[in-house]
Amino acid sequence: MDLLFISTSVGAFGTGIGGGVELTIANVCQYLLEKGHTVHLVAPSGSVSDTIPIVALPGALHSFAQNDRRDSPIQFPSNSVVGAMMDYAYQIQGRYDLIVSFAYDWLPFYLTSFFATPLAHFVSMGSVSAALDRVIVQTARQFPRRIGMYTHVQAQTFGTIAAQILSSGIDLDRYEFREEPENFYSWIGRIAPEKGLEDVAKLSEKLGIAVKIFGKMQSESYWQECCNRFPGAKLSYEGFFNTDELQSRMGASRALIMTPKWVEAFGNVAIEALACGVPVISYARGGPVEIVRHNETGFLVEPDNIEALAAALDRVDSIKRSKCRRQAEQEYSLEALGERFLAWFRLITNAPA
Ligand code: HBI
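Residue numbers (the working numbering): -9 to 343.
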């Protein structure tokens, strides 16, 4: 198939600003290219990839939809990069069998009925805004096969909606299984309020445990606020790393702690941890609920309950790290992910299997 992907509008591809959806785009592209499909990625200028052919376009990045208020009007910068990417896709659509947008923005959804080449959308977050909900639900109603999502719990945040549930996946060959843990915990994610870093700071201070923090420093002020509120916390900010670096640094964690405050659409960091043999301890909120096998590959605890997190940490040695790796191999391989996306694409284009 000849495919055109449209990247997230919040940052250049490869910078990590787009969080989990960047990893999803990279992994799906890797599998499709390995299988001999043609994939081009339209993305903001400054986007880089050593394997995916990129069309980098200038234009203003969009603000994070999850940072706007639910009832905020849609913001559209005068020289929007989304406008540029959709203009380009519209002009060149005839060269492709299918176009897939990974942007969580109003315009791509609205334009679905104006394209001759089928335009599909991978929705990378749960519901965050009324205006976006409306256009996403409307698109799904008009084109029931064109909306893809990570999880059922994510789809449910939009109410009743027709969506292909694609889960996620990673290239397991890039993650090394670590049988023996070292004496630290990890927390991985964009440093942003929706990720709930303050809870892991509170936990660290309460238990006196060292926690390594990996991820894009999206909000310095939020980081400072967490450190100031919990001066006894032993958080060490390690930085943002590419996959190879991240897995080598967090692979020996005793556990990955996840404290999502929003309905995390998936939580790619959870399957990255499992792939290294790292048990996942997470609030029972959002994507992790469909990932963690409670008491087998980690623990799901009552959301926002620090004591429950602490109690789960005490039991983490009861988790067999080899079971964590095995779950990643069974459910989250690159092949499983790629085949789910290809099945979705064939469903849309009626291409033969
Ligand atoms: N906000 N406006 C907008 N557009 C996006 O593409 C977008 C976003 N917020 C977050 C985001 N994409 C991705 O980082 C999600 O996968 C989290």
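The beta-carbon is built from N, C-alpha and C at its ideal position, and this holds for glycine as well. Predicted model only: the values in this text are computed from it and were never measured.
F105 in three-state terms, based on DSSP
Residue mapping note: residue 105 aligns to position 115 of the sequence shown, counting from 1. Looking at F105 - three-state DSSP - the assignment turns out to be coil, as it is neither helix nor strand.
Would you say Y140 touches ligand 1, meaning its beta carbon is less than 7 angstroms from a heavy atom?
As a working mapping, residue 140 is identified with position 150 in the sequence shown. For ligand 1, not one heavy atom lies less than 7 angstroms from the Cβ of Y140.
Assess, as a yes-or-no matter, whether the region 49 to 56 is touched by the region 115 to 130 under the definition of 3 or more beta carbon pairs within less than 8 angstroms.
yes
Look at the alpha carbon of R180 and the alpha carbon of K206, and state the distance between them as a whole number of angstroms.
Your numbering for residue 180 matches position 190 in the sequence shown. Your numbering for residue 206 matches position 216 in the sequence shown. Answer to the nearest angstrom: the Cα atoms are 5 angstroms apart.
Under 6 angstroms from any heavy atom of ligand 1, by CB: list those residues in chain order, please.
T(-2), S(-1), V0, G8, G9, G10, V11, H52, F54, A55, Q56, A93, Y94, D95, S114 and M115
Suppose only complete runs of 4+ residues qualify. What are the alpha helix (DSSP H) ranges in the region 196 to 236, listed by chain order?
210 to 219
Whose C-beta lies closer than 6 angstroms to the C-beta of L13 among residues of the same chain, with five residues either side of it excluded?
Position 23 of the sequence shown, counted from the first residue, corresponds to residue 13. Hits under 6 angstroms: N258.
Could you check how far apart the C-beta atoms of V90 and A110 are, in whole angstroms? I think they sit under 8 angstroms.
Within the sequence shown, the letter at position 100 stands for residue 90. Within the sequence shown, the letter at position 120 stands for residue 110. The C-beta distance from V90 to A110 rounds to 5 angstroms, short enough to meet the 8 angstroms contact threshold.
Contact the region 130 to 138 vs the region 40 to 51: 3+ CB pairs below 8 angstroms
no
Which residue spans inside the region 37 to 84 form an unbroken alpha helix (DSSP H) run of at least 4?
Listed in chain order, they are 71 to 82.
Would you mind reading off the limits of the beta strand (DSSP E) that contains L23?
Residue numbering aside, residue 23 sits at position 33 when the sequence shown is read from its first letter. Looking at the DSSP string, L23 is not in any beta strand (DSSP E); the run it does join, the alpha helix (DSSP H), is G10 to E24.
G138 lies in the beta strand (DSSP E); which residues open and close that run?
In the sequence shown, counting from the first residue as 1, residue 138 sits at position 148. It spans I137 to M139 - the beta strand (DSSP E) in which G138 sits, taken as one unbroken run.
Can you tell me whether DSSP reads F(-5) as helix, strand or coil?
The residue given as residue -5 occupies position 5 in the sequence shown. The answer is strand: DSSP assigns F(-5) an E or B state.
Does the beta-carbon of R219 have 16 or more other beta-carbons within 10 angstroms, so that it is buried, or is it exposed?
On the sequence shown, residue 219 is found 229 positions in, with the first residue counted as 1. Answer is exposed; the Cβ neighbour count stays below 16.
Can you name, in chain order, every residue of its own chain whose Cβ lies under 7 angstroms from the Cβ of V143, other than the five neighbours on each side?
Taking the first residue of the sequence shown as position 1, residue 143 is located at position 153. V253, G276, G277, V279 and E280, listed in sequence order.
Just curious, the alpha helix (DSSP H) that G328 is in, first and last residue?
Position 338 of the sequence shown, counting from 1, holds the residue named residue 328. Counting along the chain, the alpha helix (DSSP H) containing G328 begins and ends at L324 to T339.
Out of F(-5), T150 and T339, point me to the one whose CA is closest to H30's CA.
In the sequence shown, the residue the question calls residue 30 occupies position 40. Out of F(-5), T150 and T339, F(-5) has the C-alpha closest to the C-alpha of H30.
Please classify Y311: is it buried, with 16 or more other beta-carbons within 10 angstroms of its beta-carbon, or exposed?
What you label residue 311 is simply residue 321 of the sequence shown in a count that begins at 1. According to the sequence shown, residue 311 is Arg rather than Tyr. R311 should be labelled buried.
Enumerated in chain order, which unbroken segments of the alpha helix (DSSP H) with a length of 4 residues or greater are wholly contained in the region 163 to 198?
Here the runs fully enclosed are 187 to 197.
How far does the beta strand (DSSP E) with I271 in it reach, from first residue to last?
As a first step, residue 271 is located in the sequence shown; it is residue number 281 there, counting from the start. Unbroken beta strand (DSSP E) run through I271: V270 to Y273.
Go ahead and pull the three-state DSSP assignment for S91.
Here residue 91 refers to the residue found at position 101 of the sequence shown. Three-state DSSP puts S91 in a strand.
For G186, count neighbouring Cβ atoms within 10 angstroms of its own Cβ and tell me buried if that reaches 16, exposed if not.
Locating residue 186 in the sequence shown gives position 196, where the first residue counts as 1. G186 comes out buried.
Residues of its chain near V18, where Cβ-Cβ distance is below 7 angstroms and the 5 sequence neighbours each way are ignored:
Within the sequence shown, the letter at position 28 stands for residue 18. Result list for V18: L327, G328 and F331, in chain order.
Around the Cβ of P250, are there at least 16 other Cβ atoms within 10 angstroms (buried) or fewer (exposed)?
Position 260 of the sequence shown holds residue 250. Per the 10 Å Cβ criterion, buried.
What span of residues does the alpha helix (DSSP H) with I247 cover, start to end?
Position 257 of the sequence shown, counting from 1, holds the residue named residue 247. First-last for I247: L246 to M248, but that is the beta strand (DSSP E), not the alpha helix (DSSP H).
How big is the Cα-Cα spacing for F256 and I155?
Translated into the one-based positions of the sequence shown, residue 256 becomes position 266. Translated into the one-based positions of the sequence shown, residue 155 becomes position 165. Spanning the two alpha carbons is a distance of roughly 11 angstroms.
By Cβ distance below 7 angstroms, which residues in the same chain neighbour G22 in space, the five residues on each side in sequence not counted?
Residue 22 sits at position 32 when you count from the first residue of the sequence shown. Just to set this straight, residue 22 is Leu in the shown sequence, not Gly. Result list for L22: L(-7), V29 and G328, in chain order.
Would you mind sorting Q214 into buried or exposed? The rule is 16 or more other CB atoms within 10 Å of its CB.
What you label residue 214 is simply residue 224 of the sequence shown in a count that begins at 1. Under this definition Q214 is an exposed residue.
Give me, in chain order, the residues of the same chain whose beta-carbon lies closer than 7 angstroms to that of A344; leave out the 5 immediate sequence neighbours on both sides.
Since the first residue of the chain shown is -9 and the last is 343, residue 344 is not available in this structure.
Could you tell me the alpha carbon to alpha carbon distance between R60 and V125, rounded to whole angstroms?
Within the sequence shown, numbered from 1, the residue matching residue 60 stands at position 70. Within the sequence shown, numbered from 1, the residue matching residue 125 stands at position 135. Their Cα atoms are separated by approximately 14 angstroms.
Using the Cα positions of K192 and G222, report the straight-line distance between them to the nearest angstrom.
On the sequence shown, residue 192 is found 202 positions in, with the first residue counted as 1. On the sequence shown, residue 222 is found 232 positions in, with the first residue counted as 1. In a straight line, the C-alpha of K192 is about 8 angstroms away from that of G222.
Looking at the unbroken alpha helix (DSSP H) that takes in V306, where does it start and where does it end?
Translated into positions along the sequence shown, residue 306 becomes position 316. That residue, V306, is in no alpha helix (DSSP H); it is neither H nor E in DSSP.
Looking at the strands, I want to know which residues DSSP matches up with A110.
Within the sequence shown, the letter at position 120 stands for residue 110. According to DSSP, A110 bridges with V90.
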